[in-house]
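Residue 127 in numbering that gives the first Met the number 0 is what sits at position 128 of the sequence shown, and the numbering runs on without skipping anything.
Structure, as structure tokens:
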Amino acid sequence: MIIGTAGHIDHGKTALVGALTGVDTDRLKEEKARGISIDLGFAYLPTEAGTLGFIDVPGHEKFIHTMLAGASGIDFALLIVAADDGVMPQTREHLALLDLLGISRGVVALTKADLADAARRAEVEAEIAALLDGTGLDGAPVVPVSALTGEGIDDLRVQLIKAARAFAARATDGRFRLAVDRSFSLAGAGTVVTGTVLSGRVAVGDAVTVSPAGLSARVRSIHAQNRKAEEGRAGDRCALNLAGDDVTADAIARGDMVLAPSLHAPTERIDATLTVLAGEPKPLGQWFPVRFHHGSVEVGARLVPLSADTLPPGGGGLVQIVLEQPIAAAAGDRYVIRDTSAQRTVGGGRLIDLRAPARKRRTPERLAQLAALGETEPEAALARLLAVEPWHLDLAAFARDRALGSEAGAGLAERLGLVTFAAAGTLITLSAERWALYCDALTAELARFHDANPDLPGMGTEKLRLALIPRLPKPVFTEALRRIAGGGTLMLDGAWVRLSGHEVRLTRRDELLWELIEPKLDGAERFRPPRVRDLAGMTGEAEPDIRRLMKLLARMGKVDEVAHDHFFLRSTVGSMVAMMRQLSQAAPDRQFVASAFRDRVERDGSGSGEHTVGRKVAIQILEFFDRHGVTLRRGDLRRVNPHRLDLFGAIDDNVSVPGDLSGRTEQAR
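Structure representation (structure tokens):
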């Protein structure tokens with residue numbers, strides 16, 4: 000258990016920690032000279048309830064930022080009030096800070112008790128009770144102590160040990176995070192950083208990242224709760240000896256976070272809840288400048304109220320925090336804001352979304368998302384998020400931003416019965432209900448498209464994606480289509496998507512036009528059919544209309560575009576495949592030249608032996624077959640690929656394929 004002191008300057012915090020532990024936490028020469036704590040001090044007390052760690056913070060108002068760096072990692076507050084002075088300004092501010100940080104367990108030490116009689120003690124205890132009323136420490140016990148005479152020290156130690164026994168250790172199933180409050184170099188060891196482990200655990204040999212800088216490091220050794228250890232766990236005060244190419248004591252500073260590499264995702268725009276202290280002189284408006292304190296970091300920031308135009312003193316609501324520089328954080332973390340002059344604490348709250356948008360941050364849809372994100376339990380937050388726009392989220396990012404364990408996302412998906420898609424480094428998830436609605440909407444959209452466009456083979460994938468809600472990212476949509484297609488509902492054809500039962504149909508006008516064109520592609524001229532411009536002249540139709548129809552017929556498998564604007568009937572193409580097959584079988588080396596093919600086509604096409612096809616058209620036909628792998632070309636010679644013979648329909652089964660070709664393929668060179 001980590002115990003943090005709090006209280007006004009010169010009320011005896013350091014002396015009390017020394018009396019409890021035997022350790023003087025004032026380690027700096029200037030602290031010794033001035034008799035006050037300037038930086039954080041640390042001490043440890045081994046007990047039967049485990050080792051108690053103490054963080055001694057400065058009480059001077061100039062060092063509130065240092066106090067916050069220490070208070071962010073404590074489990075138990077030791078609020079200190081001197082019997083001679085009573086409640087003072089920093090007593091109130093420190094208590095307010097503890098309250099804003101969500102610390103609700105603690106004890107009050109009435110120090111310098113030897114300087115007050117019974118009446119004075121009773122008077123100060125009444126002040127303390129009034130001060131604690133309505134705060135997280137309301138009802139905390141008050142123990143009179145004197146570091147000088149030893150009065151009450153044993154009683155206070157008993158109180159702390161009792162609290163440690165009742166303390167439930169922080170869960171370690173999250174991913175590792177440690178807020179750095181010191182970084183120094185140790186002779187013979189190298190760079191050492193200290194801080195409180197906020198979540199998860201770390202072991203010797205683990206790879207870690209120093210965020211937000213992104214330095215990669217390895218843990219060489221660990222001291223946890225002032226003892227050499229193999230691992231540090233959530234709630235421990237740890238010293239980590241780090242090694243890495245760019246790791247030096249100067250490269251790491253207070254405010255950095257040492258964390259599991261998968262958590263490295265700095266942010267500089269955060270949506271959060273905010274409670275404004277009642278003593279604030281005026282409401283907080285748009286772009287209100289503050290000093291932002293989180294973990295051990297302090298950075299300038301501006302506030303943008305979200306739930307109202309302004310936030311009044313004593314009030315609260317949602318805000319967007321725009322930071323001057325990125326930080327490492329986790330959703331659910333507590334924070335505090337102070338004014339830019341560092342004279343007063345303004346308020347504090349809880350971080351709820353680390354990826355806040357710069358635009359449309361106050362729309363009803365966004366506020367609904369923030370209401371869901373405000374749920375403290377991940378399962379409840381996830382369920383509510385998937386029930387509002389945009390109806391899906393990246394589950395991997397959700398788990399990362401909450402520092403959940405590496406397997407937490409899969410567990411959440413299983414418990415909530417979610418549908419997930421792993422694509423492009425994301426794990427996009429939807430509720431089962433939303434996925435069912437999405438599938439229904441997709442099939443309905445395709446049905447509408449087919450009804451309106453019976454002559455098209457399908458709907459473009461991007462057009463379909465943009466027509467659906469939710470609008471899934473492209474890689475995820477592609478994976479979703481594959482999953483639906485696996486169930487047989489739809490078919491994927493390149494860039495087209497169609498329902499399984501859809502067949503391309505010609506419009507009545509196109510059917511009539513095709514009835515005119517088809518005979519012109521058949522008969523004696525079938526091996527040299529008219530081109531698009533010729534067909535347009537023959538039918539009196541516009542050339543683009545003829546071209547559109549012929550390309551549609553090509554997609555339907557009725558014709559093939561052998562060369563630009565030169566379409567052959569599929570049956571004619573099949574006949575030419577059979578001719579090439581026979582030529583190949585008849586040749587001693589199974590290879591033929593273009594002129595042999597031309598002569599064979601002319602003989603079968605006209606029966607006269609005249610050059611009705613010509614070398615140019617023959618070459619265009621053969622290059623068409625080359626492109627489709629039906630023929631394999633080497634120089635001027637071509638060989639038939641037996642494995643592609645049926646590409647353009649049935650072939651003459653009376654012609655057999657030679658055995659030396661049936662069991663092998665050849666690459667075109």
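Glycine residues also receive a C-beta, built at the ideal position from the N, C-alpha and C atoms.
Remember, predicted model here, so these are calculated numbers, not experimental data.
Exercise. Which residues bound the alpha helix (DSSP H) around A398?
Worked result: To locate residue 398, count along the sequence shown from 1; it is residue 399. Start and end: L394 to D400.
Problem set entry | Residues of its chain near L214, where Cβ-Cβ distance is below 8 angstroms and the 5 sequence neighbours each way are ignored | Numbered from 1 along the sequence shown, position 215 holds the residue referred to as residue 214. Excluding sequence neighbours, L214 sits near T208, G243, D245, V246, A250 and I251.
Exercise. When the Cα of A264 is compared with those of L317, L353 and K557, which residue comes out closest?
Worked result: Within the sequence shown, the letter at position 265 stands for residue 264. Checked all of L317, L353 and K557; the closest Cα to A264 is L353.
Exercise. Leaving out the 5 sequence neighbours to the left and right, which residues in its chain are closer than 6 angstroms to A188 when beta-carbon positions are compared?
Worked result: In the sequence shown, the residue the question calls residue 188 occupies position 189. Excluding positions up to five away in sequence, the list reads N240.
For this session: Evaluate L372 with the Cβ neighbour count: other Cβ atoms within 10 Å of its Cβ, from every protein chain shown; 16 or more gives buried, anything less gives exposed.
Result: As a first step, residue 372 is located in the sequence shown; it is residue number 373 there, counting from the start. When all chains shown are included, L372 counts as buried.
For this session: May I ask you to report which of helix, strand or coil DSSP gives D154?
Result: Within the sequence shown, numbered from 1, the residue matching residue 154 stands at position 155. Helix at D154.
Exercise. What are the start and end residues of each continuous beta strand (DSSP E) run of 3 or more residues lying completely inside the region 71–103, in chain order?
Worked result: 75–81
Exercise. Does the pairing of the region 3–11 with the region 64–71 give three or more beta-carbon distances under 8 angstroms?
Worked result: yes
Exercise. Do A163 and R104 have their CB atoms nearer than 8 angstroms?
Worked result: The residue given as residue 163 occupies position 164 in the sequence shown. The residue given as residue 104 occupies position 105 in the sequence shown. In this structure, R104 does not lie closer than 8 angstroms to A163 by Cβ.
Exercise. From D559 to C438, what does the alpha carbon distance come to, in whole angstroms?
Worked result: Along the sequence shown, one-based indexing puts residue 559 at 560. Along the sequence shown, one-based indexing puts residue 438 at 439. Distance between the alpha carbons of D559 and C438: 35 angstroms.
Exercise. What is the rounded straight-line gap between the Cα of A186 and the Cα of L415?
Worked result: By 1-based counting over the sequence shown, the position of residue 186 is 187. By 1-based counting over the sequence shown, the position of residue 415 is 416. If I take the Cα positions, the gap works out to 52 angstroms.
Problem set entry | DSSP bridge partner residues for S215 (one or two, in chain order) | Taking the first residue of the sequence shown as position 1, residue 215 is located at position 216. Partner(s): T208.
Problem set entry | Cross-strand partners of T50 (DSSP beta bridge) | In the sequence shown, residue 50 corresponds to position 51, counting from 1. P45.
Exercise. Should Q285 be labelled buried (16 or more other beta-carbon atoms within 10 Å of its own) or exposed?
Worked result: Translated into positions along the sequence shown, residue 285 becomes position 286. Flag for Q285 reads exposed.
For this session: Could you check the C-alpha separation between L305 and D338 for me, to the nearest Å?
Result: Position 306 of the sequence shown, counted from the start, is the residue given in the question as residue 305. Position 339 of the sequence shown, counted from the start, is the residue given in the question as residue 338. Cα to Cα, L305 sits roughly 20 angstroms from D338.
Exercise. With 16 as the cutoff for other CB atoms within 10 Å, does K111 come out buried or exposed?
Worked result: Position 112 of the sequence shown, counted from the start, is the residue given in the question as residue 111. Burial call: buried.
Exercise. How about V203 and I221: do their beta carbons lie closer than 8 angstroms?
Worked result: The residue labelled residue 203 in the question sits at position 204 within the sequence shown. The residue labelled residue 221 in the question sits at position 222 within the sequence shown. In this structure, I221 lies closer than 8 angstroms to V203 by Cβ.
For this session: With a 10 Å radius around its C-beta and 16 neighbouring C-beta atoms as the bar for buried, classify H7 as buried or exposed.
Result: Looking up residue 7 in the sequence shown gives position 8. The residue in question, H7, is buried, as its Cβ has 16 or more Cβ neighbours within 10 Å.
Problem set entry | Local conformation of T538 per DSSP, three classes | Taking the first residue of the sequence shown as position 1, residue 538 is located at position 539. Of the three classes helix, strand and coil, the one that applies to T538 here is helix, per DSSP.
Problem set entry | Whole beta strand (DSSP E) elements within the region 435–521, 3-residue minimum | 489–492 and 495–498
Exercise. How many whole angstroms separate the CB atoms of T148 and D113, which I take to be in contact at a CB cut-off of 8 angstroms?
Worked result: As a position in the sequence shown, residue 148 is number 149, starting the count at 1. As a position in the sequence shown, residue 113 is number 114, starting the count at 1. Confirmed, about 5 angstroms.
For this session: For T571, collect the residues of the same chain with a Cβ closer than 7 angstroms to its Cβ; drop the 5 residues on either side in sequence, then sort them by chain order.
Result: Within the sequence shown, the letter at position 572 stands for residue 571. So the qualifying residues of the chain are R525 and F526.
Exercise. From A146, L159, R290 and A396, pick the residue whose C-alpha is nearest to that of T50; which is it?
Worked result: Locating residue 50 in the sequence shown gives position 51, where the first residue counts as 1. Comparing Cα-Cα distances from T50 to each of A146, L159, R290 and A396, the minimum goes to L159.
For this session: Following the continuous alpha helix (DSSP H) through T13, name the residue where it begins and the one where it ends.
Result: Residue 13 sits at position 14 when you count from the first residue of the sequence shown. Unbroken alpha helix (DSSP H) run through T13: K12 to T20.
Exercise. Helix or strand or just coil, what does DSSP make of M575?
Worked result: In the sequence shown, the residue the question calls residue 575 occupies position 576. Helix, per DSSP.
Problem set entry | Exposure label - F397; buried when at least 16 CB within 10 Å | Position 398 of the sequence shown holds residue 397. Per the 10 Å Cβ criterion, buried.
For this session: Note down, in chain order, each residue of its chain lying with its Cβ closer than 7 angstroms to the Cβ of D598, except the 5 sequence neighbours on either side.
Result: The sequence position of residue 598 within the sequence shown is 599, counting from 1. So no residue of the chain qualifies.
Problem set entry | Integer-rounded CB distance, given that T266 should sit under 8 angstroms from A328 | Reading the sequence shown from its first residue, position 329 is the one you call residue 328. Reading the sequence shown from its first residue, position 267 is the one you call residue 266. Yes, they are in contact, since the Cβ atoms of A328 and T266 sit about 6 angstroms apart, within 8 angstroms.
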